[in-house]
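Student: Numbering (the working numbering), first residue to last: 1 to 297.
Think of the CB as a built atom: it goes at the ideal place given N, C-alpha and C, for glycine as much as any other residue.
Pasting in a structure now, in structure tokens, and then I'll have a few things to ask.
Structure below.
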């Protein structure tokens, strides 16, 4: 028996509704706080990834990653029989419980929150993981990376244990908890940095009057791109992608958004905003039948 320190990165904050886990990490500690193992994988959420500027995970990163359903059995095995520890446990536990619930599984998560415990072990310190780590002399190498956050939280919690932290009643509850049978596959971890390279773009003809659709949070506001498209003689559809759509312009061409899924089904080219900007430049120069680059993903 021991501790399972967890961290998740997600598409947003609505665990019980549309948002999903996109990365999960577990660091095992024994009862004295020594690290005995770690596990981490990206997850394909089957939808857009939300605030990429926060977690810095792209759709390309999760393109070949497993789904939560595929890793559920492995993850359950890493959590069962251990006290779950997280910084802001309410957030991580809520998302883990929601993901397991989608599979029809009610998991008995018993845990401790290093953020709440900071009031006892790091009085007067801010509640963020970074603030707690700085006060405790723990290195947080890369915030909002599930594995780095879990490692830092594990070291922070180990410091609490060395300072005399003991929770025997939680260990008793864990020992009494019965985990249900959880479905899932034996799949390999997919870590950050393993994304395949973007395919080489192929030419596509783009002419005035073509219908374009936008998806994702781009560098420039959506309405700015829509005005540029209209000024170049294109038509903009703010709704769904249809078979008449000429191109889907995406903040990330690998996006898993509903619009992108429909575009791939219809073989509609998906282009980046940089490529689309080049298309607009060629249209303005009157080269509308040889403009642009795209790739169907």
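1. Helix, strand or coil: which one does DSSP assign to residue 214?
2. Find the nearest neighbour of residue 103 within the set 164, 269 and 76, judged by alpha-carbon distance.
3. What residue from 79, 99 and 161 has the CA that sits closest to residue 114's CA?
4. Does DSSP put residue 38 in a helix, in a strand, or in coil?
5. Among 96, 141, 283 and 223, which residue has its Cα nearest to the Cα of residue 71?
6. Given this structure, state the Cα-to-Cα distance separating residue 250 from residue 27, to the nearest angstrom.
7. What is the DSSP secondary structure of residue 15, reduced to helix, strand or coil?
8. By Cβ distance, which residues of its chain are closer than 8 Å to residue 297, with the 5 residues on each side in sequence left out?
9. Could you check where the beta strand (DSSP E) with residue 3 kicks off and where it finishes?
10. Please report the distance separating the alpha-carbon of residue 109 from that of residue 215.
11. With a CB to CB cut of under 7 Å and the five nearest residues on each side skipped, what residues in its chain are close to residue 241?
12. Which residues share a DSSP beta bridge with residue 272?
13. Taking 8 Å as the threshold (C-beta atoms), are residue 283 and residue 206 in contact?
14. Using DSSP's beta-bridge definition, name the partner residues of residue 132.
15. For the alpha helix (DSSP H) that residue 120 lies in, which residues bound it at each end?
16. Is it buried or exposed, residue 45, if we count other Cβ atoms within 10 angstroms and call 16 or more buried?
17. Use the C-beta contact count for residue 126: other C-beta atoms within 10 angstroms, 16 or more gives buried, fewer gives exposed.
18. For residue 55, count the other beta carbons within 10 Å of its own beta carbon; 16 or more makes it buried, fewer makes it exposed. Which is it?
19. Report yes if the CB atom of residue 22 is closer than 8 Å to the CB atom of residue 62, and no otherwise.
20. Give me the Cα-Cα distance between residue 227 and residue 236, rounded to the nearest whole angstrom.
21. Who are residue 189's beta bridge partners in DSSP?
22. Quick one: grab the DSSP three-state call for residue 62.
23. Taking all protein chains shown into account, do 16 or more other C-beta atoms lie within 10 angstroms of the C-beta of residue 279, making it buried, or fewer, making it exposed?
24. Within the chosen definition, does the segment 8-20 reach the segment 28-47 through at least 3 CB pairs nearer than 8 Å?
25. Who are residue 23's beta bridge partners in DSSP?
26. Which residues mark the beginning and the end of the beta strand (DSSP E) in which residue 86 is found?
27. Going by CA-CA distance only, name the one from 189, 276 and 121 that's closest to residue 164.
28. Specify, as a first and last residue, the run of the alpha helix (DSSP H) that residue 144 falls within.
29. Quick one, which of 169, 152 and 58 has its alpha-carbon nearest residue 38's?
30. Just how far apart, CA to CA, sit residue 64 and residue 183?
Tutor: Put simply:
1. strand
2. 76
3. 161
4. strand
5. 96
6. 35 Å
7. coil
8. In this prediction, residue 297 has a pLDDT of 45, which is less than 50 and means its spatial position is unreliable; what the coordinates show is noted afterwards. Cβ neighbours of residue 297 beyond the five flanking positions: 199, 253, 254, 260, 264 and 270.
9. 2-10 is the extent of the beta strand (DSSP E) around residue 3.
10. Counting only the Cα atoms, residue 215 lies some 37 Å from residue 109.
11. 213, 248, 259, 262, 263, 266 and 268, listed in sequence order.
12. 250
13. yes
14. Its beta-bridge partners do not exist; DSSP assigns none.
15. Element bounds for residue 120: 114-121.
16. Buried, by the Cβ-count rule.
17. exposed
18. buried
19. yes
20. 9 Å
21. Answer by DSSP bridge pairing: none, since residue 189 is not bridged.
22. In this structure, residue 62 counts as helix in the three-state DSSP scheme.
23. buried
24. yes
25. 9 and 42
26. 82-86
27. The shortest CA-to-CA distance from residue 164 to any of 189, 276 and 121 is the one to 121.
28. That residue, residue 144, is in no alpha helix (DSSP H); it is neither H nor E in DSSP.
29. 152
30. 20 Å
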